[in-house]
Amino acid sequence: MPKTAYAALSKEDAKREFDAVSARYAELKAKNLKLDMSRGKPSKAQLDMTSDLLTVLSEPEQCVSDGLDVRNYGELAGLPAAKKLFAEILGCKPEECFIGGNASLTLMYDLISKAFTHGLKNSDKPWCKLDKVKFLCPAPGYDRHFRITESFGCELITVPMTAEGPDMDMVEELVKDPAVKGIWCVPKYSNPDGVVYSEKTISRFAHLKPAAKDFALMWDNAYCIHEFEGDYVPFPDILSLCREAGNPDMVYEFASTSKITFPGSGVAIMAASENNLRHIRPILATQTIGFDKINQMRHVKYFGSADGIRAHMRRHADILRPKFETVLRVFERELGGCGIAEWTHPRGGYFVSLNTMDDCARRVYRMAKSLGVALTEAGATFPYGCDPRDRNLRIAPSYPELDELATATHALCQCIRHVSAEVLIREKALGSLRE
Ligand code: PLP
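Take the sequence shown: its letter number 153 is residue 152 in numbering that gives the first Met the number 0, and every next letter is one higher.
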């Protein structure tokens with residue numbers, strides 16, 4: 000039905016559209032769908048593509064890296080070869096890399112946790128001794144980031160996202176408050192908007208003048224080499240930029256191979272100034288004698304170099320691209336011109352961000368769920384799980400097979416049209432009452 004804007008439909012046409020969408024909804028309901036577009040997980044094909052990683056180390060003699068037997072204790076901060084490999088990806092120095100365990104989220108949680116228990120390098124006291132800790136959360140953003148700082152009792156402050164990254168006028172103003180101790184950032188292909196921070200935004204971050212001298216710029220570069228469309232987009236080394244701007248200890252950069260090799264069984268990286276690492280290392284040494292160096296070595300051997308990783312990412316792109324194209328094609332076909340939703344057209348990362356009309360996202364989420372289509376919960380992309388306009392939905396196209404994805408997206412669109420038509424009919428009815 001209509002490719003006309005919903006707002007321009009007559010009351011009768013709106014009712015006809017509602018009935019047509021309701022019929023399609025009933026048909027879909029009868030299909031007992033069980034489809035999942037909720038989390039950004041690589042598909043089986045992507046995991047299978049990396050199977051050789053499992054067999055690169057088979058003999059004891061292969062388990063030696065720079066003279067070090069990787070099967071034994073030692074090297075808390077990771078294998079030198081792994082530091083070199085990931086420094087090449089991030090553009091920082093190997094000495095600024097700390098290679099952790101299987102997931103970057105653990106390193107982020109750990110850093111915040113240590114800020115509370117021990118303080119960061121430039122803290123006067125641990126954050127747990129402070130009356131209030133505030134944390135900036137660019138939104139829409141990554142729910143798990145927000146939850147980390149929420150779990151430590153921080154007050155979360157929403158900063159709107161723009162096409163160039165977080166609203167920097169607002170960030171620069173907010174950091175004048177000494178209780179504001181940090182900000183979550185995903186600088187390339189942000190989750191969920193797919194925004195690549197502009198050069199200007201990045202420079203403003205590097206030159207930030209926070210009142211808190213232990214302000215933590217949590218720079219989660221989770222999607223730094225994850226383009227699925229177009230050429231590789233280079234990004235600047237945030238550590239150098241912060242150093243040059245006189246803020247050498249402000250930034251902590253994170254990355255992992257979760258969406259390069261195996262999520263949950265990859266290698267995580269934290270890059271920070273050597274001074275910061277000197278501060279953190281002894282605290283971490285109480286917690287662990289070392290992380291999984293065998294896995295670090297597997298990754299080093301499997302890829303060989305940063306170019307090897309980038310070539311591998313092009314193979315991921317070939318699997319991911321058609322999935323994003325499918326979602327966007329169905330959105331355009333089902334919602335284009337209706338004026339009831341808008342969505343992003345990312346070139347990398349793992350998500351499409353969709354905005355419904357205000358006050359509709361939760362209802363769409365519930366309707367989709369009742370059809371058997373799982374989405375990330377409405378509201379999740381905002382601090383405290385509360386989207387003030389109740390309109391943002393995060394779509395994760397990577398996991399389902401193409402045909403399932405087309406079905407799930409089609410079903411989601413019917414839910415959006417159903418809820419929107421209902422709102423429209425109610426508005427029209429109210430309008431005629433007023434007349
Ligand atoms: N950071 C961002 C922005 C993410 O979107 C995700 C996963 O979706 C992660 C981190 C999780 O990374 P890891 O598996 O390394 O903990």
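Note that the Cβ used here is the ideal one computed from N, Cα and C, for glycine as well.
Computed from a predicted structure; not experimentally measured.
- Sequence-distant partners of M48 (beyond 5 residues in either direction) whose C-beta falls short of 7 angstroms from its own C-beta, in its chain, are R314.
- Of the heavy atoms belonging to ligand 1, at least one sits nearer than 7 angstroms to the Cβ of V185.
- By the C-beta criterion, the stretch 387-394 is judged not to be in contact with the stretch 41-58, since fewer than 3 inter-stretch pairs fall below 8 angstroms.
- In this structure, DSSP gives N190 a state outside helix and strand, which the three-state scheme calls coil.
- For E154, no alpha helix (DSSP H) segment is defined; the enclosing uninterrupted segment is the beta strand (DSSP E) at 154-161.
- Cα atoms of V418 and T408: separation of roughly 15 angstroms, rounded to the nearest angstrom.
- For N274, the uninterrupted alpha helix (DSSP H) run begins and ends at 273-286, by DSSP.
- G245 carries a coil assignment under DSSP once its states are collapsed to helix, strand and coil.
- Counting only the Cα atoms, A410 lies some 12 angstroms from N31.
- Using a cutoff of 7 angstroms, the CB of A267 counts as near ligand 1, since one of the ligand's heavy atoms is closer than that.
- Judged by their CB atoms, V250 and I237 are nearer to each other than the 8 angstroms cut-off.
- Burial is judged here by how many other beta carbons sit within 10 angstroms of a residue's own beta carbon; Q61 has fewer than 16 and is exposed.
- About 6 angstroms separates the beta carbons of I88 and I224, which is inside the 8 angstroms limit, making them a contact pair.
- Bridge pairing for E333: absent [DSSP].
- For K83, same chain residues with a beta-carbon under 8 angstroms away, outside a window of 5 residues either side, are P93 in chain order.
- Rounded to the nearest whole angstrom, the C-alpha separation of K40 and I415 is 24 angstroms.
- CA-to-CA, the gap between D213 and N246 works out to about 10 angstroms.
- Assignment of N31 by DSSP, reduced to helix, strand and coil, places it in the coil class.
- K175 sits exposed, since fewer than 16 C-beta atoms from the chains shown fall within 10 Å of its C-beta.
- Sequence-distant Cβ neighbours of P399 in its own chain, meaning closer than 7 angstroms and more than five residues away, are L34, D35, M36, A407.
- Taking all protein chains shown into account, L78 has 16 or more neighbouring C-beta atoms within 10 Å of its C-beta and is therefore buried.
- When C-alpha distances from M169 are compared across G229, L110, L404, T200, the shortest belongs to T200.
- In this model, E333 and R23 are separated by some 12 angstroms (Cα to Cα).
- In this structure, the alpha-carbon of L276 lies about 23 angstroms from that of N71.
- The DSSP-derived three-state label of R38 is coil.
- In the three-state scheme derived from DSSP, where H, G and I count as helix and E and B as strand, E226 is classed as strand.
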